[in-house]
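In my numbering, the protein residues as written are 30 to 205.
Using N, Cα and C, we set each Cβ at its ideal position, and we do this for glycine too.
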Amino acid sequence: MRLLNKFFARSAVVVATELIGCFLCRKLKDSKIQRLKIVEIEAYEGWNDKASHASRGKTARNAPMFEEAGTIYVYFTYGMHWMLNIVCGPKNYPSAILIRSLENVYGPARLTKYLGIDKSLNNQKLGKSSGLWIEKNENYTKIHGRGKVNKLSRVGVAYAGPIWSQKKWRFVLKEI
DNA sequence: GGAGTGATGACA
DNA sequence: GTCATCACTCCA
Numbered sequence: 030m031r032l033l034n035k036f037f038a039r040s041a042v043v044v045a046t047e048l049i050g051c052f053l054c055r056k057l058k059d060s061k062i063q064r065l066k067i068v069e070i071e072a073y074e075g076w077n078d079k080a081s082h083a084s085r086g087k088t089a090r091n092a093p094m095f096e097e098a099g100t101i102y103v104y105f106t107y108g109m110h111w112m113l114n115i116v117c118g119p120k121n122y123p124s125a126i127l128i129r130s131l132e133n134v135y136g137p138a139r140l141t142k143y144l145g146i147d148k149s150l151n152n153q154k155l156g157k158s159s160g161l162w163i164e165k166n167e168n169y170t171k172i173h174g175r176g177k178v179n180k181l182s183r184v185g186v187a188y189a190g191p192i193w194s195q196k197k198w199r200f201v202l203k204e205i
């Protein structure tokens, strides 16, 4: 079952937690649909989050973060890598989740390369039009039972200072 | 461990 | 206009 925008219109931390184990779906040029389990996610929440692009206010680059929930935010970094984010929370409130790893596709830049995700998807909505959406896993309760999801500190955010870099806002699925 | 890559934002 | 920075991957 496809997750609707309503699902994303909540706290990024909650959304990130619940997305663990769900399927990221991508329709490619040849019409084949890829369905890959999400195993690692980070949350970026609000104005005060120093690790978030939005901490310095709205700019041309991070504008999609201020759009309504379910908007796709793709950005380019390190001169060669695309990052895939999904916007969360209410409109004009900057929060998003960063999809870091899928089953068998580990690494945020690898998965975008693998799924053919680039700037053309930026600021689009999840769904048929963009060819990118997320489906709920039928085994959701099984996956989330008995501490199957690790909570860790986020990656590469030391510059954000101890308060924000130590937040346990990275969620990783343990082996099933 | 270190190079590579280029958009971005801060500053002048 | 310049410059340092960056939520990474690759190859050693």
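Taking the continuous beta strand (DSSP E) assigned at Asn179, which residues delimit it?
Per DSSP, Asn179 is one residue of the beta strand (DSSP E) stretching across 178 to 181.
Is the separation between the beta-carbon of Asn133 and that of Ala125 shorter than 8 Å?
Going by C-beta atoms, Asn133 is not nearer than 8 Å to Ala125.
Assuming contact is defined by CB atoms lying nearer than 8 Å, are Leu127 and Ile70 in contact in what I supplied?
Yes.
Rounded to whole angstroms, what's the CA-CA distance from Ala83 to Asn166? Just pull it up for me.
Going by the C-alpha atoms only, they are around 31 Å apart.
Bridge partners - Cys54, DSSP secondary structure assignment:
Looking at the DSSP assignment, Cys54 forms a beta bridge with Arg64, Trp162.
Quick check on DSSP: helix, strand or coil for Val116?
Reduced to three states, the DSSP call for Val116 is strand.
Going by the beta-carbon positions, is the gap between Ala45 and Phe200 smaller than 8 Å?
Yes, the pair counts as a contact, with Cβ atoms nearer than the cut-off.
Candidates Ala92, Leu181, Asp78, Val178, of which the one nearest Gly190 by Cα
The shortest C-alpha separation from Gly190 is found at Asp78.
According to DSSP, what are the bridge partners of Val42?
Beta-bridge pairing links Val42 to no other residue.
Here's a check: name, in chain order, each residue in its chain whose Cβ is nearer than 7 Å to the Cβ of Thr100, leaving out the five neighbours to either side.
Listed in chain order, the non-local C-beta contacts of Thr100 below 7 Å within the same chain comprise Pro93, Val116, Asn152, Lys154, local neighbours out to five positions each way being set aside.
Measure the C-alpha to C-alpha separation of Arg85 and Glu96 and round it to an integer number of angstroms.
Here the alpha carbon of Arg85 sits roughly 17 Å from the alpha carbon of Glu96.
So for Trp111, helix, strand or coil by DSSP?
It is a strand residue.
Would the segment 157 to 174 count as touching the segment 36 to 51 if we require 3 or more Cβ pairs under 8 Å?
A contact between stretches requires three or more CB pairs, one per stretch, nearer than 8 Å, and the segment 157 to 174 meets this requirement with the segment 36 to 51.
Tyr107: which of Pro137, Ile163, Ser130, Gly174 sits nearest, CA to CA?
Checking every option, the nearest Cα to that of Tyr107 belongs to Pro137.
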